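Chemist: Before I ask anything, here is the structure I am working with.
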Amino acid sequence: MMKQMGDRTPRSEIAGQDPKLHLVVDNCFASKRWTKPVEWMSLLQSMGITQVEASADNECDPLYMSKEYLEKWVSEVNSQSEKTGVKVANMYSGHGTYTTLGLAHHDKSIRDRIQHEWIKPMADIAASVGAGLGFYCHAFADSTLQIPSAYREREEDLYARLADISVYCQEVGIHAPSVEQMYTPHQIPWTIEGSRKLLKEVFKRSAAPFYLTLDTGHQSGQHKFRRPEAGEIQQAAERSRREGILNSLWVGPYAAHEMLVEMCVSPIQEQSSYISRIEQLMDDYPYLFADACDSDTYRWLEELGAYSPIIHLQQTTGTSSAHQPFTEASNKNGIIFGEPLLRALEKAYKKPEDTGLPPRCEDIYLTLEIFSGTSESNNDVLRKMEASIKYWRQYIPRDGLRLSEALEILGER
């Protein structure tokens, strides 16, 4: 493919069709074990990894660390990078900011604090080590989800804040900041169309590129929130009357659930009226529902992989996001594999560019985000990381490999 393009195709056009792929490891696996830059860089160097995603959880979170400490951390990272050849490709938020409402908090002062006192300092750190930035720092409280007008207000505020962050990142030299995709209504973006909307809204407000981090395990919750058809509502009510137990059918807002409870004990002749009213209520809360495709990891990659500079790799059975390794044992029951992932990216880049979205990514960092259990031994942690790296090196044997080249390798296997 690349040979046929030759020198006649502008480099920017090639990049837009054929991104470079990089195999990266998130150093969250080393958290509370190998915490100094020299330690995790040396470990990764010994495993054949030259690019790392530095997690805030591994002792570089601006919420917990002093400015003086972080300045020293940056100096150590730059020094050890020269010695080991391991470069920080991206900085990423960790559990500290994930556990709060953050950028969607009901108190404006907290939203401001996360935006200006956490994300922007994190961007400064990233720029100081020549890295990109990804994060997830917001959630909608249930009280917000139950009032459509409140939800819209908080949603608009979030878009504005992300746009400001996007502009700031551009100013400090970060070219592809990204927010992570999640899998429940209170953590947007959690659907394919919702993700597309977020990217367009932020880009429209900022004119500065802003992207999505896809995670291969973050499609495990959407199936719980699919909007039921009238027949499904009817069946749930019939089962409840027959068994005496209310089926946990998702109908969105509390008001719709309460109406379903009433329906289950109401006369048969009133059932259709209840269904109609439940459907009308669900119409007012479209943001609480997912489509079938939102549970499909590969569909996400096909639709939005070209706008995802960071793709977090974890093995999963599709039922949870446990950040399992790519060992032989985990792969036996897993659904995430190298070839279908690359084929999905190929489809993403063959699609026409979507009007209103930022330019397609020129580099994609396929990033192993494997968690370590507290009681796991150091040797077990290292073995599963080595196995995961070995698995993915079959598909990305060298960093900077073009997608077309990776696909050619597949053809030779």
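Heads up, the sequence shown is in the working numbering, so the first residue is 2 and it goes up one at a time.
Think of the CB as a built atom: it goes at the ideal place given N, C-alpha and C, for glycine as much as any other residue.
Since the model is a prediction, treat every value here as computed from it, not as a measurement.
1. Looking at the strands, I want to know which residues DSSP matches up with residue 91.
2. Over what stretch of residues does the beta strand (DSSP E) that includes residue 314 continue unbroken?
3. Please tell me whether residue 370 and residue 315 are closer than 7 Å, where the distance is taken between their beta carbons.
4. If you count every other CB in all the chains shown that lies within 10 Å of the CB of residue 401, and 16 or more means buried, which is it?
5. With a threshold of 16 other CB atoms inside 10 Å of the CB of residue 366, please say whether the residue is buried or exposed.
6. Measuring CB atoms only, is the stretch 97 to 104 touching the stretch 66 to 75, in the sense that at least three cross pairs come out at less than 8 Å?
7. Residues in the same chain with beta-carbon distance under 8 Å from residue 160, minus the five sequence neighbours each way, listed in chain order, please.
8. For the alpha helix (DSSP H) holding residue 255, just list the boundary residues, first then last.
9. Return the chain-ordered ranges of every alpha helix (DSSP H) run that is complete within the stretch 318 to 388 and spans a minimum of 4 residues.
10. Excluding sequence positions up to five away, which residues of its chain have a Cβ less than 7 Å from the Cβ of residue 334?
11. Could you compute how far the alpha carbon of residue 389 sits from the alpha carbon of residue 218?
12. Taking residue 345 and residue 374 to be in contact with their CB atoms under 8 Å, please state how far apart those CB atoms are, rounded to whole angstroms.
13. Taking 7 Å as the threshold (C-beta atoms), are residue 90 and residue 52 in contact?
14. Taking residue 119 as the reference, which of 146, 57, 79 has the closest Cα?
15. Where do the ends of the beta strand (DSSP E) carrying residue 221 lie?
16. Using the DSSP secondary-structure output, state which residues sit across from residue 180 in a beta bridge.
17. Using a Cβ distance threshold of 8 Å, determine whether the stretch 266 to 278 contacts the stretch 291 to 299, with at least three qualifying pairs required.
18. Going straight from the alpha carbon of residue 41 to that of residue 28, what length do you get?
19. At the level of alpha carbons, what is the spacing between residue 175 and residue 364?
Modeler: In this structure, then:
1. 54, 133
2. Element bounds for residue 314: 311 to 314.
3. yes
4. exposed
5. buried
6. no
7. 199, 202, 203, 206
8. 255 to 265
9. 329 to 334, 339 to 351
10. 318
11. 15 Å
12. About 30 Å; that fails the 8 Å criterion.
13. yes
14. Here the closest residue by C-alpha is 57.
15. Element bounds for residue 221: n/a, residue is neither H nor E.
16. 136, 213
17. The stretch 266 to 278 makes no contact with the stretch 291 to 299; the number of CB pairs closer than 8 Å stays below 3.
18. 7 Å
19. 13 Å
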